[in-house]
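Okay, so here's the structure we're looking at.
Numbering (the UniProt record's numbering), first residue to last: 1 to 1014.
Here it is as structure tokens:
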């Protein structure tokens, strides 16, 4: 072995390597595959020391000759690649063996000839040259120019071949990440300018892919007139001309945005003219600010990603540049360079700039066009949007399996209709799966919220189309009448009405004890977007107040399902409670439960709405419309004597619930807020829906009893508040007794009066003891037998503390008996003041997402919730109304009610365990030895020990096609659907079913969508 330091001084080693190179040279006559070896060998020999000039010259000539030969070969490879498809060309260009920049430049110039690149025809060939140029700039480490060439390649020929090659280019060697880092550096270094604000002076050429419609011809002529006649001489008039143009393109959101931006650009150009006065500069800047705010709010929610990046960078640059220009003019016009206390930018505009940057950075994670497109005419923007959307639709789809972020934006593009030709339901399904997976949740966690055992559903998870009863305990109740608080005995009795045959049981003992033991005196509930960055999130997130509602699942789920029902009826979309949470029109099933006259008036908003639903973000919520009237009465015995220690509270059943609505909008931070301009008494479809629902609320509740259940939960919360109030007053009484020194004063007076004790006379001592004992028992309600030991110790030994404690506790037990009953059954809640009662939230360790109610043909969103905040009001006559009522009344002691509640919960727990065991059995089978093993659901498995037929997958291109085939196989019975199994990569499929709704075990799976091999 040679030492590293001496390896290039060894003459023998040099001769050996020279011999190898000479032998390789001889072999080149037979093969051309060893040129690289010869070139490498010559390079190594040149590193040896003490070489003669002649040796060096010969080795350089040898290296150069083979290097030239290699360059020629690389050039030929690259040249031949230009005759292949764009994708094949890109694969060759991205091969590191072909990274020869000079050869690429030589090829580029040879292909270009004397023409300009924009003049090259056909367009596909021009795209190839742009791709070559993009690689050259990339090798020169100029990412921005490389991206510009790639973008030009897309605009030249926006077809699949070019788009596929661009996807390869963007994903190769982390080029997308490089572009994003370049954007970040631009933001850090060039705080004022992210894009050029120079108005274009000519239109794009060779837009042969656009049909020459009348609107395009009009746009072309109009804009050509603007930059020829007005752009330089009268930029203000040019700005106004673009505003006028908006009226001619009302059907295009992108043109609406771009015309406003072009107006701002020309206002900025007017600001930049030296003759512009300071007042004019301020006015133009104010116009730019106001328009920019509207553009930002509009763009973020209604335009595709490609256009959003374009708009955000222009808006940021416009605001920063106009502010900078305004500041400089103020300084230059001031006679004294004094420091101004008033800021140039308000807090609102600083927030807007922050949000623009946040959105730019967020989009740069998704779209590789971080620096494209630059400012363009409205005519050109139509074409650029089409091309950009085509690229992003394929790019997002290719990246979706790797990231929930890409999957979400792909789904959003489908819902907002800038991505065509994709299945909305399938992509919604995939999007939900990936978003849940990010939180380590599954669709079965969502099912747990939707498949609430209290509301009966069909076997496949849909609402019943007929009237039903809530699945409460048979011992349940239909109405809350009131409560009796007996401080003589400490008893608490609840007064309820039992349901008749044609009435609904609306709550049971479990509900009563849950509410009073948790001190629920009010409730707020909403379904909100889970992520402000994802404006079309396929889920809504449950938020509620107080936080302890999470301990009362049936109460919380009542709020969820009533709010969810309201959303489904308002949007006209019914959502299945089982995965994959399919959607269908409410008219097919849900609304069939209601009478015809209600259905006709209670049409979904989308049916009543006409035109674009641009601002159609509303919240609907259920709340009490009226006060809860009650009467407080005292018990009267047989002789009519009133006992104020026995208090009765009667609640009126005349409670009206209503549906309220309010239009919403997004603020500059992307949060949904109430629109202050909304008119509560308007005649919109939303307002009419709220009024009709309120009008028929009780009648609708007869068919959806969960709505009526809200009333009774509201009244139970009033009882909870009464109990809490009585407990607090009794605690105050106990504290007052504890702190009262009257008894201590009495003992001192007695001690002074009797003098010494014992006196020496047994008879006198006994008489004194009995007199004191009788007096204390009479005034402080003590038992004489229990009192005497404490009294004796005090008289003989002066131990008065034990006596005082005993007497006061006896008095408390007599005067505050309800306190001990409430504490025994835990009918109080002590942490009210430490419950973070200001902000709606949820338990982040659990899944509180439910599918949002919207569909591919519904461009509106509905939010809202339920507010159960009772507003009690005293009214005489409530007790008489209750007593005259024909309802079957029952009185339940709190002890009996508590036992009932425990029994109900035990039954439910047993049912859940049984259901869980059944589920496990259904997912298990046994081998030949009787050992349990998991069933296999892998497509193509053979018949197992159960004897089930081998699964035969029949792929279809669409969900509807697969369903129809399964339906036909099942003799027109409704087939059963199973969603995608992402872990095993099994496709969604339909099973044929028999007339009883059970799967026909013929082994046939009618598959579609992802993982289905068509």
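Ideal placement from N, C-alpha and C gives every residue a C-beta, glycine not left out.
Counted within 10 angstroms of its Cβ, other Cβ atoms place residue i as buried (16 or more) or exposed
i, result
"residue 152", "buried"
"residue 296", "buried"
"residue 512", "buried"
"residue 650", "buried"
"residue 508", "buried"
"residue 988", "buried"
"residue 127", "buried"
"residue 247", "exposed"
"residue 977", "buried"
"residue 122", "exposed"
"residue 273", "exposed"
"residue 451", "exposed"
"residue 706", "buried"
"residue 597", "exposed"
"residue 43", "exposed"
"residue 116", "exposed"
"residue 648", "buried"
"residue 147", "buried"
"residue 653", "buried"
Beta-carbon proximity list for residue i, same chain, < 7 Å, skipping 5 on both sides
i, result
"residue 781", "810, 811, 814"
"residue 772", "750, 791"
"residue 98", "74, 77, 78, 92"
"residue 975", "963, 966, 967, 990, 991, 992, 993"
"residue 133", "108, 149"
"residue 516", "719, 720, 723, 827"
"residue 931", "Only weak support exists for where residue 931 lies, its pLDDT of 38 falling under 50; the value from the coordinates is given anyway. Excluding residues within five positions, none has a Cβ falling inside 7 Å."
"residue 85", "161"
"residue 848", "541, 542, 842"
Sheet register partners of residue i (DSSP bridge)
i, result
"residue 574", "584"
"residue 526", "543, 865"
"residue 482", "495, 650"
"residue 977", "990"
"residue 874", "630"
"residue 892", "494"
"residue 623", "658"
"residue 1007", "955, 989"
"residue 463", "457"
"residue 1017", "Any question about residue 1017 goes unanswered here, given that the chain covers just 1 to 1014."
Same chain, Cβ closer than 6 Å to residue i, five either side skipped, listed in chain order
i, result
"residue 697", "657"
"residue 645", "487, 488"
"residue 576", "461, 462, 582"
"residue 627", "871, 873"
"residue 793", "799"
"residue 359", "312"
Same chain, Cβ closer than 8 Å to residue i, neighbours up to 5 away in sequence not counted
i, result
"residue 101", "136, 139, 140"
"residue 625", "656, 657, 658, 694"
"residue 276", "270, 284"
CB contact below 7 Å: residue i versus chain C
i, result
"residue 189", "Although the question refers to chain C, the structure presented lacks it and comprises just one protein chain."
Whole-Å CB distance - residue i paired with residue j, under 8 Å assumed
i, j, result
"residue 559", "residue 866", "5 Å"
"residue 271", "residue 192", "That belief does not hold up - the Cβ atoms of residue 271 and residue 192 are roughly 14 Å apart, past 8 Å."
"residue 490", "residue 817", "3 Å"
"residue 538", "residue 852", "6 Å"
"residue 385", "residue 307", "6 Å"
"residue 168", "residue 391", "Residue 168 to residue 391, Cβ: 12 Å. No contact."
Cβ pair count under 8 Å reaching 3, the segment 390 to 406 against the segment 480 to 500 = Segments in contact, no.
So, does the segment 222 to 229 touch the segment 196 to 210, judging by three or more C-beta pairs under 8 Å? With contact defined as three or more Cβ pairs closer than 8 Å, the segment 222 to 229 and the segment 196 to 210 are in contact.
- Query: Taking contact to mean at least 3 C-beta pairs separated by less than 8 Å, is the segment 285 to 305 in contact with the segment 261 to 276?
  - Reply: Short answer: they touch.
query: Would you call the segment 432 to 446 and the segment 465 to 477 in contact, with 3 or more CB pairs under 8 Å?
result: The segment 432 to 446, when compared against the segment 465 to 477, does not touch it at the 8 Å Cβ threshold.
Margin query: Can you confirm whether the segment 872 to 881 touches the segment 564 to 571 when touching is taken to mean that 3 or more C-beta pairs between the two stretches lie within less than 8 Å?
Written below: Touching, no, given that fewer than three Cβ pairs across the two stretches are closer than 8 Å.
*Stretch-stretch touch, CB-based, cutoff 8 Å, three pairs: the segment 950 to 962 with the segment 538 to 556*: Taking one beta carbon from each stretch, the segment 950 to 962 and the segment 538 to 556 have fewer than 3 pairs nearer than 8 Å; the two do not touch.
Determine, using beta-carbon pairs with one atom in the segment 311 to 326 and one in the segment 179 to 194, whether at least three such pairs fall under 8 Å. In the pairwise beta carbon analysis, the segment 311 to 326 is classified as touching the segment 179 to 194: at least three pairs are separated by under 8 Å.
Given 8 Å, three or more beta-carbon pairs between the segment 707 to 721 and the segment 475 to 485
Three or more Cβ pairs drawn from the segment 707 to 721 and the segment 475 to 485 lie within less than 8 Å of each other, which places the two stretches in contact.
Checklist line | Cβ contact check for the segment 400 to 416 and the segment 548 to 557: 3 or more pairs under 8 Å | finding: No, the segment 400 to 416 does not touch the segment 548 to 557.
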